[in-house]
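Working notes for the structure below.
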Amino acid sequence: MNPLKIIGKYYSSDSIAYNLLIKHSGMVTEKALNIATKVLHLNPDLKFIEEAAMLHDIGIFLTNEPEIGCYGDKPYICHGYLGRKLLEREGLLKHGLVCERHIGVGLNIKDIIEKNLPVPKRDMVPVSIEEQIICFADKFFSKDSDFLMKEKPFELIRKGIARYGKDKLKKFDDWIKIFGAQ
Numbered sequence: 243m244n245p246l247k248i249i250g251k252y253y254s255s256d257s258i259a260y261n262l263l264i265k266h267s268g269m270v271t272e273k274a275l276n277i278a279t280k281v282l283h284l285n286p287d288l289k290f291i292e293e294a295a296m297l298h299d300i301g302i303f304l305t306n307e308p309e310i311g312c313y314g315d316k317p318y319i320c321h322g323y324l325g326r327k328l329l330e331r332e333g334l335l336k337h338g339l340v341c342e343r344h345i346g347v348g349l350n351i352k353d354i355i356e357k358n359l360p361v362p363k364r365d366m367v368p369v370s371i372e373e374q375i376i377c378f379a380d381k382f383f384s385k386d387s388d389f390l391m392k393e394k395p396f397e398l399i400r401k402g403i404a405r406y407g408k409d410k411l412k413k414f415d416d417w418i419k420i421f422g423a424q
């Protein structure tokens, strides 16, 4: 399976969105593989991590984020479950779950209902070790110019996550303990 070939089915290689997606996903992939090699005792599937990390944001083009070249009709928070749908149509069910479950540190049904989020009402939290590693790695990069090609500092990430509740920050801090300060 070639993630770039799949991305190429949905993105024009000369588009802003494609270039940001490839750069961002490449950085996340590199970080995720680095993390995975440090927790080999947890038996992460490195090949799967490499594929799924490259595809985790494939749904962004369906969202309305013109500053990153995306002109869809959905809010950005929807890119996870939309990516899952795309990858399920490609026969990549496990890869699709990574897309859906990497938003923040995961969305649970309580969050979705209480905040009236425009996503399906189901738990969307990373479960497998591979999902958790990719979700964690993704927090270190964004698609803006400041952190597209360099990592965000831990404290900036923690500050951003803390806005969503102490439980979310605890989840991130637990990952730091498991995966280490990379």
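Everything in the sequence shown is counted per the working numbering, starting at 243 for the first residue and increasing by one. Backbone N, C-alpha and C define an ideal beta-carbon position, used for all residues, glycine too. Values in this document were obtained by computation on a predicted structure and should not be read as measured data.
Rounded C-alpha distance that separates T305 from I355: Here residue 305 refers to the residue found at position 63 of the sequence shown. Here residue 355 refers to the residue found at position 113 of the sequence shown. Between the alpha carbons of T305 and I355 lies a gap of roughly 21 Å.
Limits of the alpha helix (DSSP H) - the one that D380 falls within: Numbered from 1 along the sequence shown, position 138 holds the residue referred to as residue 380. Run containing D380: I371 to D380, per the alpha helix (DSSP H) assignment.
The segment 361 to 373 in contact with the segment 321 to 328 per 3-pair CB rule at 8 Å: With the rule of 3 Cβ pairs closer than 8 Å, the segment 361 to 373 counts as touching the segment 321 to 328.
Environment of S267 [buried if 16+ CB atoms lie within 10 Å]: For the purposes of this step, residue 267 is taken as the residue at position 25 of the sequence shown. Looking at its Cβ environment, which holds 16 or more other Cβ atoms inside 10 Å, S267 is buried.
E342 classed as buried or exposed, judged by whether at least 16 other C-beta atoms fall within 10 angstroms: Reading the sequence shown from its first residue, position 100 is the one you call residue 342. Buried.
DSSP-derived helix/strand/coil call for G333: In the sequence shown, residue 333 corresponds to position 91, counting from 1. Coil, per DSSP.
Whether I277 touches K385 by CB criterion (9 Å): Against the sequence shown, residue 277 aligns to sequence position 35. Against the sequence shown, residue 385 aligns to sequence position 143. Cβ distance not < 9 Å, so I277 and K385 don't count as in contact.
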